[in-house]
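A short write-up of the structure that comes next.
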Amino acid sequence: MKNFKIVNFVNVFIYIFILAPLLVVIISSFNTAEYLVFPPQGFTFDWYHEVISKGRYTQPFWNSIKLAVVTTMIALPVGTMIAYAISRYKSRFNDVLQSFFLSPLVIPTLLLGIGLLILVSNLGVQMYFPRLLLAHVVIVIPYVVRTMIAGFAGMDKSIEQASIILGASPIKTFFLVTVPLARPALLASGFLSLVVSFDELIIALFLTGPGFNTLPMTIYSDVQFNLSTSLAAISSLIIFGTVLLGLLAVLLMGVNKKS
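Here the sequence shown stands for residues 1 to 259, where the numbers follow the UniProt record's numbering.
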């Protein structure tokens, strides 16, 4: 019992350590001062109104949303097929393939950005959106592969085998049996893809230029040159949006389990 209480205390401390910076940002977003200070000097919603109405963050926000959605639409099916091949078709090269597709997770982002910049330059890709899209797909696929491998590993293979024995083709079995069973892992992969792509900064600093900014780039620029309280407001909106998206994913997973 004593050890149990110690573990609970440590867990609570870890949660506080992780969440405290987010709480500071949210509380600071209601500050009446023009610059970020803590504790707040007053209470106001003016900074949220400024963020929404003045439009400095509007276009970068939609750029990031569009990039994250298209990245997820590409990375989710590609990563799922890679994970399915690694999980279901055993060979001596499986570990090598898995390490290869997960390698972007262990390569320093700075080096990855430089390498991708050299690649897109050699390919002659000048438009910023396709350059960023290619980079984001490379970054996001490992998250999908890792999540889907875990999802496929937890499935009962006998259900797929029964479908094939009853006359369904492997492709039909995949779409009508495997995909529905793997839906929780697909939802988790989609959530990770959206969040990782939306939040990516370092790669964007290498691959984009004038006329195309993502929201993390705009926030990073303001942190350097314009430390306004509006930064806390837009950051709080991102926090709220991420929490809502996560709750929606959890809700959908719960509905799928019940059905």
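Virtual Cβ for every residue (Gly too), placed ideally from N, Cα, C.
Supposed contact pair threonine 72 and leucine 247 - C-beta distance, whole angstroms, cut 8 Å
No, leucine 247 and threonine 72 are not in contact; Cβ-Cβ is about 18 Å, not under 8 Å.
Would glycine 151 be called buried (16 or more neighbouring beta carbons within 10 Å of its own) or exposed?
The residue in question, glycine 151, is buried, as its Cβ has 16 or more Cβ neighbours within 10 Å.
Cα-Cα separation, isoleucine 74 to isoleucine 234:
Their backbone Cα atoms lie some 28 Å apart in a straight line.
Could you check whether isoleucine 82 and leucine 97 sit closer than 9 Å to each other, using their CB atoms as the reference points?
Contact: yes.
Residues bridged to residue 293 (per DSSP)
Because the chain spans 1 through 259 in this model, residue 293 falls outside it and cannot be assessed.
Got a sec? Which residues, its chain only, sit under 6 Å from leucine 116 by beta carbon, not counting five neighbours each side?
Apart from sequence neighbours up to five positions away, the residues of its chain that approach leucine 116 with a beta-carbon distance below 6 Å are Ala135, ordered along the chain.
Residues of its chain near serine 87, where Cβ-Cβ distance is below 6 Å and the 5 sequence neighbours each way are ignored:
Residues Ile149, Phe152 of the same chain have their beta carbon placed closer than 6 Å to that of serine 87, with the five preceding and five following residues left out of the count.
Classify arginine 131 as helix, strand or coil using the three-state DSSP reduction.
In the structure shown, arginine 131 sits in a helix (DSSP, three-state: H, G or I).
Taking the straight line between their C-alpha atoms, what separation do you get for aspartate 199 and leucine 244?
Those two C-alpha atoms are separated by around 16 Å.
Cα separation between leucine 22 and tryptophan 47?
Approximately 17 Å, taken between the alpha carbons.
Selected residue, minimal CA-CA separation from alanine 68, among Ser236, Leu111, Thr214, Val25
Closest by alpha carbon: Thr214.
Of the listed residues Pro39, Pro184, Ser169, nearest to methionine 155 (C-alpha basis):
That would be Pro184, whose Cα lies nearest to the Cα of methionine 155.
Let's test the definition: count the other Cβ atoms within 10 Å of the Cβ of alanine 204 and tell me whether it reaches 16, buried, or not, exposed.
So alanine 204 counts as buried.
Closest by CA to proline 241, which one among Phe191, Ser228, Ser158, Thr109?
A quick correction: the sequence has glycine, not proline, at residue 241. Residue nearest to glycine 241 within the set Phe191, Ser228, Ser158, Thr109 is Phe191 (criterion: CA-CA distance).
The alpha helix (DSSP H) with aspartate 199 in it runs from where to where?
Here the alpha helix (DSSP H) through aspartate 199 covers 183–199.
Close-in-space but distant-in-sequence residues of the same chain around arginine 131 (CB under 6 Å, 5 per side omitted):
Closer than 6 Å at the Cβ level, and outside the excluded window around arginine 131, lie Val120, Val125, Leu207.
Could you give the DSSP three-state label for lysine 90: helix, strand or coil?
Here lysine 90 carries a coil assignment [DSSP, helix/strand/coil].
For phenylalanine 45, three-class secondary structure by DSSP:
When secondary structure is reduced to three states using DSSP, phenylalanine 45 falls in the coil class, being assigned neither helix nor strand.
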